[in-house]
Amino acid sequence: PLRGYALKCNLMKELWRETQEMCVSYSRMPLLTESKLKNPSFHTILRIVSSVVSFSVPLKHLFKEEELEYSNYNSTESIKKFILRLTSFVNAFSKKEHFDCDTEKFIGSGREPKLIHRLLQSFIKISRRARLSTAELKEVDRVPTVSYTHLTLPTICSV
């Protein structure tokens, strides 16, 4: 059991180090320490996304400046909305990754650091491709969040 735990810890270190290395090229990025990356908070996620967006002209159309300011996120709902937009964007443009929109896995007590790192790394890889047109980004922006509360069971099963 102890050996398995050590292996898991090493894999997590590799994962957050990869995120750390990917962020080095963004000079506005504050130093990402091990403590910030072990279990990234929403503040850390937002800082990474904000730094990446500031260096990618096409991505500046995705988020408004005020959406990248931490002080504007004063409710869980606003944070969830941001995470949903981020996961929708990555899902639309990632060639390998697909993330469900369970925001509890990205924020709060249900955070899954491995999933957060995969999302951030996918976002950075997409930004590096930088072949996204403004029209493609606007298309992602128009994708509404999904609410299943109004659907009947047969409808949900057919989706």
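Numbering (my numbering), first residue to last: 7 to 165. The beta-carbon is built from N, C-alpha and C at its ideal position, and this holds for glycine as well. Treat the numbers as computed from the prediction; the structure is a model and nothing was measured.
Whose CA, out of the options, lies closest to the CA of residue i?
| i | options | result |
| --- | --- | --- |
| V55 | Q26, E40, S115 and K111 | Q26 |
| K101 | P46, F129 and G116 | F129 |
| L74 | H104, S81 and F88 | F88 |
| R134 | R53, P64 and T39 | P64 |
| K44 | M28, V96 and L21 | L21 |
| T93 | L126, M28, E118 and P119 | L126 |
Using a 10 Å radius around the Cβ and a threshold of 16 neighbouring Cβ atoms, would you call residue i buried or exposed?
| i | result |
| --- | --- |
| R124 | buried |
| T82 | exposed |
| S62 | buried |
| V30 | exposed |
| T50 | buried |
| S57 | buried |
Leaving aside the five residues before and after residue i along the sequence, list all residues of the same chain whose C-beta is less than 8 Å from its C-beta, in chain order.
| i | result |
| --- | --- |
| E72 | N78 |
| K86 | T109 and I113 |
| H104 | N97 |
| M42 | The identity of residue 42 in the sequence shown is Lys, whereas the question assumes Met. Answer for K42: T50, listed in chain order. |
Given residue i, which residues of its chain have a CB within under 6 Å of its CB, disregarding the five upstream and five downstream residues?
| i | result |
| --- | --- |
| G116 | E110 |
| L52 | Y76 |
| L121 | K111 |
| I132 | F99 |
| F48 | I85 and I113 |
| S164 | Residue placement at S164 cannot be trusted, given a pLDDT of 47 that sits under 50; what the coordinates show is reported in the next sentence. Cβ within range, chain order: n/a, list empty. |
Short of 7 Å in beta carbon distance, which residues of its chain neighbour residue i, apart from the five on each side in sequence? Order them along the chain.
| i | result |
| --- | --- |
| F69 | V59 |
| E24 | Q127 |
| P119 | M18, K44, N45 and P46 |
| M28 | Q127 and I130 |
| T39 | none |
**Message:** Which runs of the alpha helix (DSSP H) at least 4 residues long sit entirely within the segment 60 to 118? Give them in chain order.
**Reply:** 82 to 99
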